[in-house]
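**Student:** Under the working numbering, the first residue of the sequence shown is numbered 200, with each subsequent residue one higher. The C-beta atom is built at its ideal place from N, Cα and C for all residues, glycine as well.
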Amino acid sequence: MDKIAKTIYLISFMILFAIQYKIVGLINDAFLHFTGVFLFILMFCVVPGIVLVSLTLARKLTDLYVNRKN
Numbered sequence: 200m201d202k203i204a205k206t207i208y209l210i211s212f213m214i215l216f217a218i219q220y221k222i223v224g225l226i227n228d229a230f231l232h233f234t235g236v237f238l239f240i241l242m243f244c245v246v247p248g249i250v251l252v253s254l255t256l257a258r259k260l261t262d263l264y265v266n267r268k269n
């Protein structure tokens, strides 16, 4: 990947991760109301999934950019 593709990958990952993390927080506030240890367990279980989804979507966006460039 060239420098622009790496930048797109990192920025899209950060944005997608932040959006998904915020959605989980809103769901917790609205419906679950977990605090303390339960919130830690929720985030421990959910955050790895959010990371994987964010990485996958960021890679797809980067591949889309590279394919359009070529």
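1) Just how far apart, CA to CA, sit I210 and V223?
2) Can at least three beta-carbon pairs, one atom from the stretch 202-222 and one from the stretch 250-263, be found at a separation below 8 angstroms?
3) Can you give me the Cβ contacts of A204 inside the same chain, cut-off strictly under 7 angstroms, excluding the 5 residues immediately before and after it?
4) Could you give the residue range of the alpha helix (DSSP H) that holds D262?
5) Report, in whole angstroms, the separation of the C-beta atoms of I249 and Y220, which I expect to be a contact under 8 angstroms.
**Tutor:** In this structure, then:
1) 20 angstroms
2) yes
3) T261, Y264 and V265
4) G235 to K268
5) 6 angstroms
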